[in-house]
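Heads up, the sequence shown is in my numbering, so the first residue is 622 and it goes up one at a time. In what follows, a structure is listed as structure tokens, so that the remarks can point back to it.
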Amino acid sequence: MNLSKLQPLGWSNHFFQQLSLQEIETLNVTNFLFRITAIHRTHIIGIGETGHQSLMVPDELQPVSQFLAVGDWIIATRVYEHFKITGLLEPINRIERVSNDTKQLIAANLDYLWIVTSANDEFNPKRLQRYMAMAYEFNIEPVIILTKTDLCADKYEYIDQITALKVGNYHAVNTADATSYLQLDPYFVSGVSIAMVGSSGVGKSTLINTISDVEQLTKEIREVDAKGKHTTTHRQLFYCKNNVAIIDTPGMRALELLDTEAGLEQTFDDIVDLALRCKFNNCRHQTEPGCAIITAIEQGDMSQTHYDNYLKLLREEAFNKRKTGGAYAEKQFNRNWRKVIKDNKSDKY
622 MNLSKLQPLG WSNHFFQQLS LQEIETLNVT NFLFRITAIH RTHIIGIGET
672 GHQSLMVPDE LQPVSQFLAV GDWIIATRVY EHFKITGLLE PINRIERVSN
722 DTKQLIAANL DYLWIVTSAN DEFNPKRLQR YMAMAYEFNI EPVIILTKTD
772 LCADKYEYID QITALKVGNY HAVNTADATS YLQLDPYFVS GVSIAMVGSS
822 GVGKSTLINT ISDVEQLTKE IREVDAKGKH TTTHRQLFYC KNNVAIIDTP
872 GMRALELLDT EAGLEQTFDD IVDLALRCKF NNCRHQTEPG CAIITAIEQG
922 DMSQTHYDNY LKLLREEAFN KRKTGGAYAE KQFNRNWRKV IKDNKSDKY
């Protein structure tokens, strides 16, 4: 095994420790390591020491979207001119969503989640909070990328809304100013993996074109619906500057959250902090005296919309647990809300 070839692809000691002695001794003889770079309807593509190869998926890993994600590391054996997947190495993290009442994997082994949005009618802070919650849940750093700022009247109208979300990092870029992309350079460190998510037409493919040599098909923006004409149809991993892995994902019409309780707490930490100040530990934040959340809304320190969005996402997350078979999800919304307050107060005192 040549680590110098695998490390730039995202290989680390986390994966090496999972290999048995026999697997290590037979690497590149009967066993081969690949990182999944593309998942198509009929086949999977992976990259390893032998370059890109077509990978056969065994029946026990079907449907693929529920077992494998772009960015995963797998073990495969050679079958004639192809390679057959025989094992999956436990990922550092994965992002997922609910689609058609089932869990669908999006990407794996990430350092950053670039949440791409555009400065037009597509912009939606509530949607951005969904992506932030997903990133926080899986210990991935969210970064908001605001595109097409050259096509709007006032980019600060959008930037102000982004800063209100208290995301750690955000960047505004546009194709009319090539220097605007220089602010992304600190992310391009060898071995780093980044997934890009966002709605169709927000400029993910154009962003890839700008930061790499990969040519994605893009066309001019349409004023009617503010969307680009080209959309990515499958998840794919590219290697760009300094061998940084960029995972492009299809535009998502909807992002339904699953198992993101901790991520929601971090995204809406202001609400959790306020709840700690309520007079009663079992406050339901409805009509109780001494409720810090009600007071904050009445005094204009927090908007009702912000609070309602938090409650909506909590309900959705609990509902999706029930849909996908979560055993402990029954009545989870009210239970989770009380548990969040109780746990935080216990930690504080």
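Beta carbons are placed, not taken as given, at the ideal position from N, Cα and C, and that holds for glycine.
Asked: Extent of the continuous beta strand (DSSP E) to which K862 belongs; Found: Run containing K862: none; DSSP gives neither H nor E here.
Asked: Whole-angstrom C-beta distance between T888 and Q750, which should lie under 8 Å; Found: 5 Å
Asked: Nearest neighbour of Y757, chosen from F859, N652, L786 and E886 [CA to CA]; Found: E886
Asked: Under 8 Å between C-beta atoms of G616 and A728; Found: This structure cannot settle anything about residue 616, because the visible part of the chain is limited to 622 through 970.
Asked: Residue closest to S675, alpha-carbon to alpha-carbon, out of L897, N623, I713 and H661; Found: H661
Asked: Span separating the alpha-carbon of S821 from that of S739; Found: 10 Å
Asked: Local conformation of R843 per DSSP, three classes; Found: Here R843 scores only 39 on pLDDT, less than 50, and its place in the model should not be relied on; the value that follows carries that caveat. Looking at R843 - three-state DSSP - the assignment turns out to be coil, as it is neither helix nor strand.
Asked: Span of the beta strand (DSSP E) around Y733; Found: Y733 to S739
Asked: Residue interval of the beta strand (DSSP E) (run including P746); Found: Taken as a continuous stretch (DSSP letters only), P746 belongs to no beta strand (DSSP E), being part of the alpha helix (DSSP H) at P746 to E758.
Asked: Own chain, CB closer than 8 Å to V811, minus 5 neighbours either side, in chain order; Found: Here residue 811 is Ser; the residue named in the question, Val, does not match the sequence. Once the five neighbours on either side are set aside, the close Cβ partners of S811 are Q628, P629, N863, N864 and V865.
Asked: For N830 and E670, the rounded distance between their alpha carbons; Found: 26 Å
Asked: Secondary structure, alpha helix (DSSP H): runs of 4+ residues fully inside the region 638 to 672; Found: 642 to 646
Asked: Beta-carbon contacts of G911 that lie in its chain and below 8 Å, excluding the five residues immediately before and after; Found: C899, K900, F901 and C904
Asked: Cβ-Cβ separation, E762 to D732 (assumed contact under 8 Å), whole Å; Found: 7 Å
Asked: contact_flag[the region 646 to 658, the region 686 to 701] where n(CB pairs < 8 Å) is 3 or more; Found: yes
Asked: Supposed close pair V818, Y791 - CB separation, criterion 8 Å; Found: Going by Cβ atoms, the distance from V818 to Y791 rounds to 15 Å, so no, they are not a contact pair.
Asked: Residue from Q782, F688 and A785 with nearest C-alpha to L709; Found: F688
Asked: Cutoff 8 Å: H906 Cβ touching any chain C Cβ; Found: Looking at the structure shown, chain C is missing, and only one protein chain is on hand.
Asked: Contiguous alpha helix (DSSP H) assignments of at least 4 residues, all confined to the region 906 to 937; Found: 913 to 919
Asked: DSSP three-state assignment for I761, whether helix, strand or coil; Found: coil
Asked: A793 to Y779 span [Cα, whole Å]; Found: 10 Å
Asked: Neighbourhood of N652 by C-beta, 8 Å cutoff - its chain only, sequence neighbours within 5 removed; Found: E644, I696, A697, T698 and T707
Asked: For I832, the three-state DSSP class (helix, strand or coil); Found: helix
Asked: DSSP state of E717 mapped onto helix, strand, coil; Found: strand
Asked: Among L726, T796, F759 and W735, the one whose alpha carbon lies nearest that of R856; Found: L726
Asked: Cβ shell of M923 (< 6 Å), same chain only, five flanking positions each side left out; Found: A917
Asked: Backbone CA spacing between I914 and I892 [nearest angstrom]; Found: 7 Å
Asked: DSSP bridge partner residues for M817 (one or two, in chain order); Found: W735 and D869
Asked: Test item: CB-CB of N795 and K769 under 8 Å; Found: yes
Asked: Buried versus exposed, by CB contacts within 10 Å (16 or more), L624; Found: exposed
Asked: Backbone secondary structure at M775 - three-state DSSP; Found: Looking at the sequence shown, residue 775 is not Met but Asp. Correct three-state label for D775: coil.
Asked: Status (buried if at least 16 other CB within 10 Å, exposed otherwise) for E919; Found: exposed
Asked: Which residues DSSP lists as bridging K825, in chain order; Found: K825 is not bridged to any residue.
Asked: Per-residue burial, D869 [other beta carbons within 10 Å of its own, 16 or more giving buried]; Found: buried
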